[in-house]
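Residue numbers (my numbering), protein chains in the order written: chain A, 6 to 350; chain B, -12 to 520.
Below is one structure, written out as structure tokens; comments come after it.
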């Protein structure tokens, strides 16, 4: 009898890039549900639009690069990128904003660098930053978290009209719908010389952080912990990021509680939780050594605090992630684990 | 008995599939009409054949002599007639042939005179010599000559720990499990021989805890000996030497070293058993336990004669079932796939796995590395497999070595977990082979360079000697003068001089070679001055 020869190992775990990426999508569901509840249909519209554009862009780029379509479209990496970006967009963002962001992410940040596995920068964050610096007005038009079914909530049809036609329903003005986020409020009010306690009385605040936002953060925390628990994401990165952010916020809070927000506010605001579990953990652009991942996460946490507290933007997860992306190869170089049997350093 | 364990990093919990073959006792293997016995069944120099076609051999008779220190003897697995000593296919990933002694069995199974010896009465070097001549090699798969490993040879003053490896961590394989269950006393007898040679402070037997019967059998056999049986968690690759040493003693074998460097020596349980057979029974290694499993009618363990073909062993287990796609020697993690089953069982054949599609990984497209680090988590050598892959793929072999490529034990854990289905181990093997080839090239180039240099020096020397001789033969003044004035004609002039003065040559040649050199050297540079004078 003649047999085929293949090199060992002859058995493989049932896994794949697709299943890993799908798990990331599942893990985002609780947080997404909270976002949709508080910010309306717009979140869902952004999500679907981004997904469609991402898959289309991915297919076109794969075609142009002469790569097989099926295995790469089936790896769900483009969908993950689309979702990460969509979550970061204001719910009533005009359609072209979403399209432009997704194209920047997939075409510019991913495929021009060589596609899956070769991009040095987190594609979703590149897309987000391109939009943030190019269209600051559109990007800061966040809705006030009213909750679905409340007075100011838009219906699905109304939302689509806003997204695709820019037409607000006659009964509402944009000012009535949108408002500053808790991080915005904190930033501007502290700049006006108010204390944290005074600022906290603003209605945009909830129990520990921004009203509505904190529930989304909780949802992403639940999904993120599951993601880390199933080893689909490295636990060191969220630990490093949230640990350093919490630590540095605690230090400043203890020094001057009147002018620095408490650590729990920082941890539950903006994109901290979401970024720690879903954005910073993108394996392609993160550090890969166990110790390196801790450092990489810690670096992001510190940068987030610096940008929030002293920088020009209310939140800084995207910039922090991109900055640490550049540092990842260097971190990897200096954090190699001790090889079995090598002398202890 | 239990002692502290020191877990190694990484590893995998694999589906064991051991139930397929560990339920039935070891069966005697078939007696084939023809045995093809490779003369290289061990690491080291191939054994020198000591039989010729037409010779009658007895079962257990020496047919291949160890050649050099790292080598092992080979014996006739049954009685019969040697029909050929020629290259034949052997189980090797390359599919190449190797020198084999081919024996037609006479069916009588007539033994040589078997002489048991009392080890305690022999000098240790004599015991080692007997093991070497009995062809005892590591039967865990590495087939390193055991006599070499049973000699501390100044490596350390006293051996701390002797470990017997009964971990058998690869899925499907159960030959050691059955051996331990059925022949624990023989294993312990062999262990005593090893203890006699190595005199260790402690003796540990490591067995994975998914083999409770084997643990129990060895515990019983070890009663009163002081040897300790340690059940270790079933986690691949706990049977790897470095991993087992770490697991049982907490000591890490140095990157470029041997377990002996940390005072540990390790043998497979089947090796101990064969040492016992060799000395206590006088039977050299002519058979081994082989697990035949997978898609065969009656999976189980055979005591197979070395040289019996895989086809015959599979036939003895009821033959193939439908759907066999790959024939693997060894386990599914580190074993290699064979082109065909017409190859002989050797001392390295612990398992023959006839794998069907259900047992094998489906063919999947290879995607780019997403640097997820799953490979880092499972690597028992604490390497960064993704970096090794990156550099191996880019043919940056020096960088791959910076990342400790040669610490890779090729266990396959990284490939097993890779979500992108990258055949990582294949890249590491490729890189290692390339580096070895480059080193060989370098050595060859260096050798050629030295040879060339030596040749140039020799030619120069000969030239000098010739010139010196000529100068000596020529009249002391005429020669340089002729050389200068006639430009390119000194040879002609001297040749003329030589023919004119044959008698002078005879007279002056013998006592003055040194003086001749001297004058030659002198003449070399300041010849014009000489000529002017």
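The beta-carbon is built from N, C-alpha and C at its ideal position, and this holds for glycine as well.
Within-8 angstroms CB hit, residue i to chain A
i                      : result
residue 393 of chain B : no
residue 59 of chain B  : no
residue 23 of chain B  : no
residue 443 of chain B : no
residue 327 of chain B : yes
residue 378 of chain B : no
residue 79 of chain B  : no
Below-8 angstroms beta-carbon distance, residue i vs any chain B residue
i                      : result
residue 123 of chain A : yes
residue 115 of chain A : no
residue 17 of chain A  : yes
residue 341 of chain A : yes
residue 344 of chain A : yes
residue 11 of chain A  : yes
residue 25 of chain A  : yes
residue 334 of chain A : no
residue 267 of chain A : no
residue 112 of chain A : no
Whole-angstrom distance between residue j and residue i, CA atom to CA atom
i                      : j                      : result
residue 196 of chain B : residue 201 of chain A : 60 angstroms
residue 347 of chain B : residue 78 of chain B  : 20 angstroms
residue 120 of chain B : residue 182 of chain B : 19 angstroms
residue 261 of chain B : residue 123 of chain B : 7 angstroms
residue 264 of chain A : residue 361 of chain B : 43 angstroms
residue 231 of chain A : residue 271 of chain A : 22 angstroms
residue 337 of chain B : residue 157 of chain B : 11 angstroms
residue 15 of chain A  : residue 404 of chain B : 12 angstroms
residue 466 of chain B : residue 457 of chain B : Any reading at residue 466 of chain B needs caution, since the residue's pLDDT is 47, under 50, leaving its predicted position unreliable; the model's value is listed next. So the alpha carbons of these two residues sit roughly 8 angstroms apart.
residue 393 of chain B : residue 363 of chain B : 16 angstroms
residue 211 of chain A : residue 303 of chain A : 27 angstroms
residue 54 of chain B  : residue 34 of chain B  : 5 angstroms
residue 341 of chain B : residue 286 of chain B : 10 angstroms
residue 203 of chain A : residue 187 of chain A : 13 angstroms
residue 11 of chain A  : residue 321 of chain B : 11 angstroms
residue 350 of chain B : residue 75 of chain B  : 32 angstroms
residue 159 of chain B : residue 319 of chain B : 8 angstroms
Cut-off 7 angstroms between Cβ atoms - residues of its own chain near residue i, not counting five sequence neighbours on either side
i                      : result
residue 50 of chain B  : 24, 36, 37, 38, 44, 61, 62, 63, 88
residue 40 of chain B  : 69, 70, 71, 72
residue 313 of chain B : 324, 342, 347
residue 307 of chain B : 282, 283, 301, 341
Residue environment, residue i, which counts as buried when at least 16 other CB atoms sit within 10 Å
i                      : result
residue 305 of chain B : exposed
residue 82 of chain B  : exposed
residue 337 of chain A : buried
residue 159 of chain A : buried
residue 529 of chain B : Absent from the model: residue 529 of chain B. The displayed extent of chain B is -12 to 520, so no value can be given.
residue 418 of chain B : buried
residue 142 of chain B : exposed
residue 179 of chain B : buried
residue 53 of chain A  : exposed
residue 144 of chain B : exposed
residue 315 of chain A : exposed
Neighbourhood of residue i by C-beta, 6 angstroms cutoff - its chain only, sequence neighbours within 5 removed
i                      : result
residue 218 of chain A : none
residue 492 of chain B : Confidence in residue 492 of chain B is poor, its pLDDT being 44 and thus under 50, which makes the residue's placement unreliable; the coordinate value appears in the next sentence. Around residue 492 of chain B: 460.
residue 111 of chain B : 184
Chain-order list of residues whose beta-carbon lies under 8 angstroms from that of residue i (same chain, five-residue window excluded)
i                      : result
residue 122 of chain A : 289
residue 47 of chain A  : 95, 96, 97, 98, 148, 159, 164, 167, 168
Can at least three beta-carbon pairs, one atom from the region 17 to 27 of chain B and one from the region 292 to 301 of chain B, be found at a separation below 8 angstroms?
-> These segments touch.
Validate contact between the region 407 to 417 of chain B and the region -1 to 6 of chain B using beta carbons, cut 8 angstroms, 3 pairs | Contact fails: fewer than three Cβ-Cβ distances are below 8 angstroms.
Assess, as a yes-or-no matter, whether the region 59 to 73 of chain B is touched by the region 273 to 287 of chain B under the definition of 3 or more beta carbon pairs within less than 8 angstroms.
-> Between the region 273 to 287 of chain B and the region 59 to 73 of chain B, the count of Cβ pairs shorter than 8 angstroms is three or higher; the stretches touch.
The region 395 to 403 of chain B touching the region 438 to 454 of chain B, judged by at least three CB pairs closer than 8 angstroms = These segments do not touch.
Should the region 99 to 114 of chain A be regarded as contacting the region 132 to 141 of chain A, the criterion being three or more beta carbon pairs within less than 8 angstroms?
-> They touch, by the three-pair rule.
If we count Cβ pairs, one from each stretch, closer than 8 angstroms, do we get three or more for the region 205 to 219 of chain B versus the region 171 to 190 of chain B?
-> Counting Cβ pairs under 8 angstroms, three or more are found: they touch.
For the region 71 to 82 of chain A against the region 191 to 206 of chain A, are there 3 or more C-beta pairs whose distance is under 8 angstroms?
-> The answer is no - the region 191 to 206 of chain A does not touch the region 71 to 82 of chain A, with fewer than three Cβ pairs under 8 angstroms.
Would the region 91 to 99 of chain B and the region 210 to 230 of chain B be scored as touching if the rule is three or more Cβ pairs under 8 angstroms?
-> Too few Cβ pairs lie closer than 8 angstroms, so no.
Stretch pair the region 274 to 287 of chain A + the region 236 to 247 of chain A: three plus CB contacts closer than 8 angstroms | The region 274 to 287 of chain A, when compared against the region 236 to 247 of chain A, does touch it at the 8 angstroms Cβ threshold.
Per the contact definition of three or more C-beta pairs closer than 8 angstroms, is the region 93 to 100 of chain A in contact with the region 319 to 337 of chain B?
-> Here the region 319 to 337 of chain B makes no contact with the region 93 to 100 of chain A; the two share fewer than three CB pairs at distances below 8 angstroms.
Below 8 angstroms, can you find three or more Cβ-Cβ pairs linking the region 111 to 119 of chain B to the region 235 to 248 of chain B?
-> The answer is no - the region 235 to 248 of chain B does not touch the region 111 to 119 of chain B, with fewer than three Cβ pairs under 8 angstroms.
Would you be able to state if there are at least three C-beta pairs under 8 angstroms between the region 381 to 392 of chain B and the region 39 to 47 of chain A?
-> These segments do not touch.
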